[in-house]
Each structure stands twice: as structure tokens, then as C-alpha cells.
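Please read the structure below before turning to the comments.
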Ligand SMILES: C[S@@+](CC[C@H](N)C(=O)[O-])C[C@H]1O[C@@H](n2cnc3c(N)ncnc32)[C@H](O)[C@@H]1O
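In our numbering, the protein residues as written are 219 to 465.
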């Protein structure tokens, strides 16, 4: 009984999400671009399933669900910026480790670590293995946010050394906390959303005297960051780039 009600509700929510995204796409990009977007999403849905991935050791170790990819059409969000959003895929552990190791800091306890587009929370949990002041994630897909909350709750006591707070919302509406920041992204979006995100980051930096490091993993839009004088490049590799904000 409960299950049937839940499935009905889930179906209605999905239909609302799809209709909302279609209307948004038509309004912003017109009919033709929307038709192409729908065709692309249908191709992703019906393409021959690939062989199942081997179990993820990190997920297995803690009983988590972070490794499975979710395509854009599976994300439940009615955010305007969804039009520029990329699918959910967790950062590779190797890239994440290398990116963090590049940070020129020896006082993590003074920094808040932010994962912008935090998905199912894998990066949040891994970052919290270090004693940051706090670890905050922002994710606009409510289904991913719920999974992140469950994953964080599953972590055994004492493993994470920083408090973790997954938040549901759009990165473009995010209110940056005070103090020193490490802002992490794994290519969450393109288009105008990326430019607006960079504007917001600069504004957050200028609001007060603070240290702000920007870690950009899978840096597809690197040139856009490099074009901004406020972003001082410290490390540039194919897998990630590290910047320090400056005035
Ligand atoms: C490539 S995944 C990265 C997930 C996670 N940061 C990691 O590295 O494992 C990008 C995530 O950003 C989220 N996202 C995209 N645009 C967003 C926005 N405007 N606001 C909040 N989340 C967003 C997507 O839903 C997705 O979960």
C-alpha cells in the first residue's frame, strides 16, 4: 500500500520535473535547441547498457552509494541553471588526492571546504578525513542530496574529522560562509552558469580579508578562469587546476 503510494508520488514528481525542465529549456533556448536536448537525453536512456561496473572499494568499505553515475535527465531539480548542468559522476579518488595535496596550507582547521555541486557526497566525506573547520556541500538535485545525507549518516563515528553539512540548493544562490575557504568543483556546469559562478566567487573573496583557494578538477573551462586577473594560478595540470584569489 505504502509502496504503491510512494511509486505514484515518485512518478508524479518525475513528470513534473521533466515538464518543468522542458518549459525552461524552451523559454531559454527555443524549440530547436530543446528538441536536440531531448534527442540527446533519449539516446543516453536507450543506449545499450554497458557491462556493470565492478563494486567500488570506497562504497563497499563504508556501505555507501556514491559511485554510480546519474545522467542529467535523472536529476530532480527545477533550478533555472539546470540547463547548463552536467550529470552526476564522482571525482576520481586519485585526482581528488592530488588536488588536495597541492594546497599550500598547513592549517586545515582554519578553512571551510566547499564542494560546489556535491552530488552524493563522496568528496564531502573524503574531505572530512582531514581536520577542516567544516565541510559544506551544495547540490541542486534533491534526489542526490537525499543520498548524500544518507551516505554521511552511514559513516562510522570517529572516521570523519570535520563536521559535514550537505545543503540542498543552487550554487548560484549560495551564501558563502565567512573565513578562509577552499572552493572545490568537479566540472558541474558550463555556459553562462559557469561565468556567474566565477563572478560570485570573486564577490565572496572581496567581501572580507580572507584566504580563498579554488580547486577546479576536470577543468574543461580553464581558459575562462585564466582570463580573470583575480585568479592567480598556482598549479595547472590536465586533471586539475589550483588558483588563489587575489585583489
Ligand atoms: C560532476 S558532478 C560532481 C560531484 C562531486 N562534486 C564530486 O566531485 O564527486 C557535478 C554535480 O554538480 C551538480 N550541479 C550542477 N549544477 C549545479 C548547480 N547550479 N547547483 C548545485 N548543484 C549543481 C550536479 O547535479 C552534480 O551532482
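Note that CB positions come from ideal geometry on N, CA and C, so glycine has one too.
For residue i, which residues in the same chain have their Cβ closer than 6 Å to its Cβ, ignoring the five residues on either side in sequence?
i           : result
residue 436 : 404 and 405
residue 460 : 320, 433, 452 and 453
residue 348 : 326
residue 420 : 448
residue 274 : 285
residue 462 : 431, 450 and 452
residue 379 : 349
Can residue i and residue j be called in contact, C-beta distance under 8 Å?
i           : j           : result
residue 452 : residue 430 : no
residue 390 : residue 412 : no
residue 384 : residue 312 : no
residue 294 : residue 356 : no
residue 402 : residue 334 : yes
residue 290 : residue 281 : no
residue 346 : residue 323 : no
residue 343 : residue 283 : no
residue 316 : residue 457 : yes
Can you tell which of the options has the C-alpha that lies nearest to the C-alpha of residue i?
i           : options               : result
residue 387 : 378, 354, 376 and 455 : 354
residue 445 : 327, 417 and 456      : 417
residue 341 : 303, 297 and 277      : 277
residue 272 : 285, 362 and 281      : 285
residue 363 : 455, 323 and 306      : 306
residue 370 : 393, 358, 392 and 336 : 336
residue 395 : 298, 408, 414 and 426 : 426
residue 358 : 419, 300 and 455      : 300
residue 297 : 241, 308 and 373      : 241
residue 310 : 332, 287 and 392      : 287
residue 393 : 257, 374, 455 and 332 : 332
Hey, would you say the C-beta of residue i is under 7 Å away from at least one heavy atom of ligand 1?
i           : result
residue 356 : yes
residue 407 : yes
residue 484 : Residue 484 is absent from the structure shown; the chain starts at 219 and stops at 465.
residue 316 : no
residue 394 : no
residue 292 : no
residue 414 : no
residue 341 : yes
residue 330 : no
residue 456 : no
residue 286 : no
residue 404 : yes
residue 345 : no
residue 410 : no
residue 359 : yes
residue 303 : yes
residue 307 : yes
To which residues of the same chain is residue i closer than 8 Å at the C-beta, ignoring the five residues directly before and after it?
i           : result
residue 244 : 252
residue 397 : 328, 329, 330, 351 and 428
residue 377 : 280 and 347
Considering only residues of the same chain and omitting the five flanking positions on each side of residue i, which have a CB-CB separation below 7 Å?
i           : result
residue 464 : 448 and 450
residue 414 : 390
residue 373 : 280 and 343
Checklist entry - Can you give, in chain order, each stretch of the beta strand (DSSP E) that sits fully within the segment 371 to 456 and has at least 3 residues? => result 382 to 386, 398 to 404, 430 to 435 and 449 to 454
Item to check | Ordered list of alpha helix (DSSP H) runs contained in the segment 288 to 360, each at least 4 residues | outcome: 311 to 319 and 340 to 345
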